[in-house]
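Down below is the structure, laid out as structure tokens.
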Amino acid sequence: DVKVTQSSRYLVKRTGEKVFLECVQDMDHENMFWYRQDPGLGLRLIYFSYDVKMKEKGDIPEGYSVSREKKERFSLILESASTNQTSMYLCASSPPGSGASYNEQFFGPGTRLTVL
Amino acid sequence: QKEVEQDPGPLSVPEGAIVSLNCTYSNSAFQYFMWYRQYSRKGPELLMYTYSSGNKEDGRFTAQVDKSSKYISLFIRDSQPSDSATYLCAMSAPGAQKLVFGQGTRLTINP
């Protein structure tokens with residue numbers, strides 16, 4: 006079974022702190038994704054990566070950065086946490102898709118981050 | 003206007019009812035259509051996947067895609083309390099590595 010793990014289930018931080026969210030997958034997937042999930046807004050893509058050291062901005066990258074030094078690990082960084090970044094953060098991974106196929110995204114359990 | 007629209011509910015129905023969940027979309031390039039199910043305090047899991055138009059059935063679940071209307075549906079027959087979850091539609095275009103999600107519909111099946 007594919008397993009995507011996230012470093013924390015619950016996290017409470019103060020405004021202005023630097024926050025690291027870690028994600029690890031064990032299926033040798035090329036693609037990794039970071040989403041945030043908010044009520045009424047669904048899943049919104051923050052950043053994704055299709056290879057080691059590669060990253061692409063998603064729909065809401067402002068206030069976030071990412072790091073992918075190893076294939077299995079994708080980190081989301083909040084440089085200076087703010088209260089509007091309180092949310093559920095979900096990591097996902099997938100093998101590469103082609104023009105004729107879709108490959109399922111596998112999600113981790115999520116990290117509920119509260120910024121006070 | 004959002005690229006994918008989904009009624010967030012919440013939706014509450016009695017056990018055994020037929021449930022209909024729907025999404026509309028605006029991007030005619032979408033070819034891959036998915037339904038994810040998310041239980042409380044868990045990440046989403048793929049439930050159904052359909053390529054292009056048509057129907058797909060898996061047990062009590064049926065996914066329908068109407069590309070002419072840019073409308074997709076998920077039907078749940080003989081709904082069970084264990085079906086209580088948030089259901090998210092998702093779509094992608096050929097060659098795209100990323101998905102576009104709807105807002106999710108929170109569904110409760112009452113015993």
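Residue numbers (this note's numbering), protein chains in the order written: chain A, 6 to 121; chain B, 3 to 113. C-beta atoms are modelled at their ideal positions from N, C-alpha and C, and glycine is treated no differently. Note that the structure is predicted; figures quoted are calculated from it, not measured.
| Check | Outcome |
| --- | --- |
| What residues from chain B crowd round A:Phe79, counting only those whose CB sits closer than 9 Å? | The premise fails here: A:Phe79 is roughly 14 Å from chain B at the closest Cβ pair, so nothing lies under 9 Å. |
| Can you tell which of A:Tyr55, A:Glu22, A:Phe112 has its C-alpha closest to the C-alpha of A:Ala86? | A:Glu22 |
| Against chain B, which members of the region 107 to 119 of chain A pass a CB distance test of less than 7 Å? | Tyr107, Glu109, Gln110, Phe112, Gly113, Pro114, Gly115 |
| Is the CB-CB distance between B:Ser22 and B:Phe77 below 8 Å? | yes |
| The region 46 to 59 of chain B: which residues have C-beta closer than 9 Å to a C-beta of chain A, in chain order? | Pro46, Glu47, Leu48, Tyr51, Tyr53 |
| Where does A:Gln90 sit, in a helix, a strand or coil, going by DSSP? | helix |
| Show which residues of chain A have a CB atom less than 8 Å away from the CB atom of B:Phe63. | Residues of chain A passing the Cβ test: none, with the nearest at roughly 16 Å. |
| For the pair the region 22 to 39 of chain B and the region 65 to 74 of chain B, tell me if three or more CB-CB distances fall below 8 Å. | yes |
| When you check each C-beta in the region 45 to 63 of chain A against every C-beta of chain B, which residues fall closer than 9 Å? | Gly45, Leu46, Gly47, Leu48, Arg49, Leu50, Phe53, Tyr55, Glu61, Gly63 |
| Cβ of A:Asp64 within 8 Å of Cβ of A:Leu81? | no |
| Count the other CB atoms, across all protein chains shown, that sit within 10 Å of the CB of A:Arg19; report buried if there are 16 or more and exposed otherwise. | exposed |
| How far does the beta strand (DSSP E) with A:Gly47 in it extend, from its first residue to its last? | 47 to 54 |
| For B:Ser84, which three-state DSSP category applies? | helix |
| Using Cβ-Cβ distances below 9 Å, what residues of the region 79 to 101 of chain A are close to chain B? | Leu95, Cys96, Ala97, Ser99, Pro101 |
| Measure the alpha-carbon distance for B:Gln105 versus A:Asp31 and round it to whole angstroms. | 29 Å |
| Any idea what DSSP makes of A:Asn108, helix, strand or coil? | coil |
| Determine whether the Cβ of B:Gly106 lies closer than 8 Å to any Cβ atom of chain A. | yes |
| Are the C-beta atoms of B:Pro12 and some chain A residue less than 8 Å apart? | no |
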